[in-house]
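Take a look at the structure set out below.
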Amino acid sequence: MKLNEKSLAFYATCDSPADNAGFLYKRGERHTAYHRRWFVLKGNMLFYFEERDSREPVGVIVLEGCNVELCDSAENFTFAIRFGGSKSRTYVLAAESQEAMESWVKSLSRASFDYMRLVVRELEKQLQEMSRGLAGGCGGSQDAPGPWKPKPSGPEQSRERLPALPAMLPKENGCAVWNNVLGADRPPDTSGCGGHDEEGTPRPPPLPPRRRVSNGEAASAGAAESPSTFCRLHEQYSREVARLRQDWQQRRRGPQP
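The letter at position 189 of the sequence shown is residue 189 when you use UniProt numbering, and the numbering goes up by one with no holes.
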């Protein structure tokens with residue numbers, strides 16, 4: 001794989017958050033001596049610098065196709081990064097404490113894309129199981145949960161829950177009468193609420209009996225609701241309100257000397 005050195009150097013020293021960082025002892029490839037280096041883990045790339053304030057990394061280890069495991073060595077808290085293949089290099093590192101070694105082994109083991117792919121698949125599996133469990137629990141049945149299905153919405157939901165209505169509602173005095181819909185022969189419910197019928201569907205509350213209005217009463221009602229009558233009533237009440245407000249203000253100010 002061909003890597004751009006300038007891009008890697010910029011990525012290693014930029015302000016993006018690091019997954020782990022700290023000093024480790026790295027064993028040389030030809031010489032078995034350990035050298036103290038500053039390591040920075042970003043994604044699946046492990047950069048190492050000569051010093052903490054170095055401007056460019058000395059090298060980078062791409063953590064793909066490798067295993068992180070503990071190893072026996074003269075140094076304490078030692079672990080190795082092993083790659084597959086006979087000619088692949090094994091990086092031997094040593095931490096300064098037990099906590100640092102465990103932290104680095106955990107971080108390096110989770111840095112590869114293969115590990116992230118396994119985590120995503122496991123999360124997707126758990127999400128599907130939870131969705132099926134929620135769908136089975138909402139149905140109220142004790143059967144084994146089946147594939148998740150969305151709840152019906154719109155016209156489908158209305159057909160499932162609402163009772164069927166006739167094409168033309170019977171009318172009384174020009175208004176639809178709900179009492180004459182399905183089950184009108186039953187005695188009215190005096191509890192004050194609609195209740196439910198035998199099939200469990202809600203019934204609308206019964207309307208009070210309508211009084212038939214004669215032609216003379218209708219004419220007088222129409223005359224009382226005319227605009228001129230409303231204007232006279234408005235002026236009368238406004239004058240009354242103004243008079244009461246004036247009296248209240250005088251009582252509030254008290255008797256004048």
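Positions of the beta carbon are idealized from the N, C-alpha and C atoms, including for glycine. None of the values given here were measured: they were computed from a predicted structure.
Per DSSP, what kind of secondary structure is residue i in: helix, strand or coil?
i, result
"Leu8", "helix"
"Asp247", "helix"
"Gly136", "helix"
"residue 259", "Within the shown structure, residues of the chain are numbered from 1 to 257, placing residue 259 beyond reach of any answer."
"Glu225", "Low per-residue confidence applies at Glu225: pLDDT is 49, beneath 50, and the placement is therefore not dependable enough to give any value."
Is the Cβ-Cβ distance between residue i and residue j less than 9 Å?
i, j, result
"Ser88", "Arg82", "yes"
"Ala95", "Gly22", "yes"
"Phe77", "Ala111", "no"
"Arg37", "Ala9", "no"
"Val68", "Ser109", "yes"
"Asp114", "Gly65", "yes"
Buried or exposed, going by whether 16 or more other CB atoms sit within 10 Å of the CB of residue i?
i, result
"Ala12", "buried"
"Gly106", "The sequence given here places Lys at residue 106; Gly does not occur at that position. Looking at its Cβ environment, which holds fewer than 16 other Cβ atoms inside 10 Å, Lys106 is exposed."
"Leu93", "buried"
"Ser191", "Low confidence applies to Ser191: its pLDDT is 48, below 50, so where it sits in the model is not reliable, and the reading given next is rough at best. With fewer than 16 other Cβ atoms within 10 Å, it is exposed."
"Lys125", "exposed"
"Asn44", "buried"
"Leu46", "buried"
Taking the C-alpha atoms as reference points, what is the distance between residue i and residue j?
i, j, result
"Leu70", "Pro57", "25 Å"
"Ser16", "Leu127", "31 Å"
"Arg52", "Leu24", "11 Å"
"Ser103", "Lys42", "15 Å"
"Leu244", "Gln236", "13 Å"
"Glu225", "Ala242", "Because the pLDDT of Glu225 is 49, which lies under 50, any placement of that residue in the model is unreliable, and the number read from its coordinates should be weighed accordingly. Approximately 24 Å, taken between the alpha carbons."
"Ala33", "Met130", "53 Å"
"Arg30", "Leu123", "43 Å"
"Phe39", "Lys26", "10 Å"
"Pro90", "Phe49", "With the sequence shown as reference, residue 90 is identified as Thr, and Pro is not the correct amino acid for it. If I take the Cα positions, the gap works out to 18 Å."
"Lys6", "Gly136", "55 Å"
"His234", "Glu240", "10 Å"
"Gly254", "Ser238", "25 Å"
"Ser86", "Ala80", "16 Å"
"Ser97", "Gly133", "45 Å"
"Leu118", "Cys14", "29 Å"
"Trp248", "Thr229", "29 Å"
For chain E, is any of its Cβ atoms less than 9 Å away from the one on residue i?
i, result
"Thr32", "The structure shown contains no chain E, having only a single protein chain."
Check whether the Cβ of residue i sits closer than 8 Å to any heavy atom of the ligand FMN, and report yes or no.
i, result
"Phe49", "Among the components modelled here there is no ligand, and therefore nothing to report on the ligand FMN."
Quick one: which unbroken beta strand (DSSP E) runs of 3-plus residues sit fully inside the UniProt domain "PH" (17–113)? Chain order, please. Listed in chain order, the complete beta strand (DSSP E) runs (minimum 3 residues) inside the UniProt domain "PH" (17–113) are 20–27, 34–42, 45–49, 59–62, 66–70, 78–83 and 90–94.
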